[in-house]
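Comments concern the structure below.
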Amino acid sequence: QVRTGLARMERVVRERMTTQDVEAITPQTLINIRPVVASIKEFFGTSQLSQFMDQTNPLSGLTHKRRLSALGPGGLSRERAGFEVRDVHPSHYGRMCPIETPEGPNIGLIGSLASYGRVNAFGFVETPYRKVVDGVVTDQVDFLTADEEDRFVIAQANAPLTDENTYAEDRVLVRRRGGEIDYVPGTDIDYMDVSPRQMVSVATAMIPFLEHDDANRALMGSNMMRQAVPLIKAEAPLVGTGMEYRCAVDAGDVIKAEKDGVVQEVSADYVTVANDDGTYNTYRVAKFSRSNQGTSFNQKVVVDEGARVITGQVLADGPSTDEGEMALGKN
């Protein structure tokens with residue numbers, strides 16, 4: 001969008017340079033920023049990909065920000081997209097969740113970024129793998145795109161390892177080019193998955209015992225978690241997957257300590273922390289504001305005066321969080 005705006009501005013500048021007197025010319029007379037402003041406003045105001053954020057609960061907001069779409073300008077249309085485009089593909093592994101997608105006309109066209117996926121400088125989605133050297137699993141993590149991954153033999157994250165970080169079994173289950181699976185000796189392996197949940201999205205990774213669920217029901221579960229309204233008294237799940245804390249914190253609806261320190265003052269609408277470096281931080285707490293969906297956005301302080309806090313510790317819970325853990329329902 002910015003590029004098209006700047007291209008228009010360049011054209012205007014070139015035209016004005018040819019028509020105006022070289023002696024009297026100034027940057028102010030040449031440059032008109034209206035095309036740039038107009039193209040940015042047009043994108044945020046009218047683009048199909050500029051959407052009103054789903055704020056029903058913290059998970060719905062996080063998932064909305066991580067959405068991948070094949071629709072919109074330069075993309076497909078629902079009517080033209082056939083089965084091949086919508087289907088799960090081996091290159092989705094670790095990049096796009098095979099489970100979380102809408103039911104209905106958009107199935108397979110709108111997806112969700114996988115838990116550890118990231119978009120690189122060229123716009124391709126990469127996923128992390130642990131490097132394996134001569135059968136020894138190292139701590140080096142490399143991010144690979146789908147075409148790079150095709151050149152390597154990759155083991156599962158749950159392949160049993162010895163104390164020396166070598167493979168415990170003589171033959172290890174791996175995958176090769178195009179999703180083919182095989183059993184090979186540990187010394188033939190190039191990479192290993194970093195975690196069993198790297199193939200699924202954040203919402204799907206919050207389903208306990210996902211491997212025992214039918215894919216269709218897991219899809220419904222992932223989608224319905226986004227529809228949970230915040231409760232007056234949130235309860236963290238008794239059975240979780242370990243994703244709850246990170247998910248709540250990364251959604252940005254909780255307040256975190258910026259530095260190590262001691263809680264100086266606690267009130268309903270602010271927390272003051274005396275940092276170890278002698279500075280003070282006052283964190284404002286949002287009280288009963290309205291979310292985009294009309295649900296209550298309310299933060300509650302969870303630390304006491306005099307409590308010691310470390311960097312990144314949760315000071316105040318947001319909606320649907322309990323002690324910094326995602327808490328969408330009741331036990």
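With the first letter of the sequence shown counted as 1, position 310 gets the number 310 in UniProt numbering; the numbers rise by one all the way through. Even for Gly, the Cβ is constructed at its ideal location relative to N, Cα and C.
Identify the residues that DSSP records as bridge partners of A316: which are they?
As a beta-bridge residue in DSSP terms, A316 pairs with I255 and V301.
Cβ pair count under 8 angstroms reaching 3, the region 139 to 159 against the region 174 to 191:
The region 139 to 159 is in contact with the region 174 to 191.
Reference residue 333; option with closest CA among A268, I181 and R197
This structure does not reach residue 333, given that the chain is present from 1 up to 331, and the question cannot be answered.
Could you compute how far the alpha carbon of L68 sits from the alpha carbon of E84?
Distance between the alpha carbons of L68 and E84: 17 angstroms.
Any chance the region 231 to 240 sits against the region 272 to 286, with 3 or more Cβ pairs inside 8 angstroms?
Below 8 angstroms, too few C-beta pairs join the region 231 to 240 and the region 272 to 286 to call them touching: fewer than three.
For H92, count neighbouring C-beta atoms within 10 Å of its own C-beta (all shown protein chains included) and say buried if the count is 16 or more, exposed if not.
By the 16-neighbour rule on beta-carbons within 10 angstroms, H92 is buried.
On a Cα-Cα basis, can you pick out the residue from H89, R66 and G108 that is closest to L76?
L76 has its Cα closest to that of G108, out of H89, R66 and G108.
Taking buried to mean at least 16 other C-beta atoms within 10 Å of its own C-beta, is residue 338 buried or exposed?
Since the first residue shown for the chain is 1 and the last is 331, residue 338 is missing from the structure and cannot be characterised.
Measuring only the C-alpha atoms, how far is R78 from L71?
So the two alpha carbons sit approximately 7 angstroms from each other.
Whose C-beta lies closer than 6 angstroms to the C-beta of M9 among residues of the same chain, with five residues either side of it excluded?
Leaving aside the five residues that flank M9 on each side, the residues in its chain whose CB is nearer than 6 angstroms to its CB run, in chain order, P35 and V36.
Leaving aside the five residues before and after S195 along the sequence, list all residues of the same chain whose C-beta is less than 6 angstroms from its C-beta, in chain order.
Excluding sequence neighbours, S195 sits near A157.
If I'm right that V309 touches V273 with Cβ under 8 angstroms, what's the distance once you round it to whole angstroms?
About 6 angstroms separates the Cβ atoms of V309 and V273, confirming a contact at the 8 angstroms cut-off.
Whole-angstrom Cβ separation of S115 and V200, contact assumed at under 8 angstroms?
Indeed, because the Cβ distance is near 6 angstroms, the residues count as touching under 8 angstroms.
Where do the N-terminal and C-terminal ends of the beta strand (DSSP E) with N216 fall, by residue?
N216 -> not in any beta strand (DSSP E); alpha helix (DSSP H) instead, spanning A215 to M225.
For Y270, does the three-state DSSP call read helix, strand or coil?
Annotated three-state conformation of Y270 is strand, per DSSP.
Bridge partner(s) assigned by DSSP for residue 354:
Not covered by the structure: residue 354. The range shown for the chain is 1 to 331.
Just grab the DSSP bridge partners of N281 for me.
Note: N281 sits in a beta bridge opposite V273.
Could you check what DSSP says for V37 in three-state terms: helix, strand or coil?
In the structure shown, V37 sits in a helix (DSSP, three-state: H, G or I).
Please state whether the Cβ-Cβ distance between V263 and K256 is less than 9 angstroms.
The Cβ atoms of V263 and K256 lie no closer than 9 angstroms to each other.
In three-state terms, what does DSSP make of Q264?
Here Q264 sits in strand by DSSP.
Go ahead and label L49 buried or exposed: buried means 16 or more other beta carbons lie within 10 angstroms of its beta carbon, across all protein chains shown.
Burial is judged here by how many other beta carbons sit within 10 angstroms of a residue's own beta carbon; L49 has fewer than 16 and is exposed.
Specify whether the region 318 to 325 and the region 221 to 233 touch according to this definition: at least 3 beta carbon pairs, one from each stretch, less than 8 angstroms apart.
Yes, since at least three Cβ pairs between the region 318 to 325 and the region 221 to 233 fall closer than 8 angstroms, the two stretches touch.
Around the Cβ of V22, are there at least 16 other Cβ atoms within 10 angstroms (buried) or fewer (exposed)?
By the neighbour-count rule (16 or more Cβ atoms within 10 Å), V22 is not buried but exposed.
Would you grab the beta carbon distance between V132 and I181 for me? Rounded to a whole angstrom, and I think it's under 8 angstroms.
The pair is not a contact, with the Cβ atoms about 17 angstroms apart (cut-off 8 angstroms).
Let me know the secondary structure DSSP gives Y93 once reduced to three states.
Coil at Y93, not helix or strand.
Taking the CB atoms as reference points, tell me whether residue 335 and V202 lie closer together than 9 angstroms.
Residue 335 is absent from the structure shown; the chain starts at 1 and stops at 331.
May I ask you to report which of helix, strand or coil DSSP gives E84?
DSSP, read as helix, strand or coil, puts E84 in helix.
Separation of F209 from G306, as counted between CA atoms
Cα atoms of G306 and F209: separation of roughly 40 angstroms, rounded to the nearest angstrom.
Start and end of the alpha helix (DSSP H) containing P73?
Following the DSSP letters along the chain, one finds P73 in no alpha helix (DSSP H), marked with neither H nor E.
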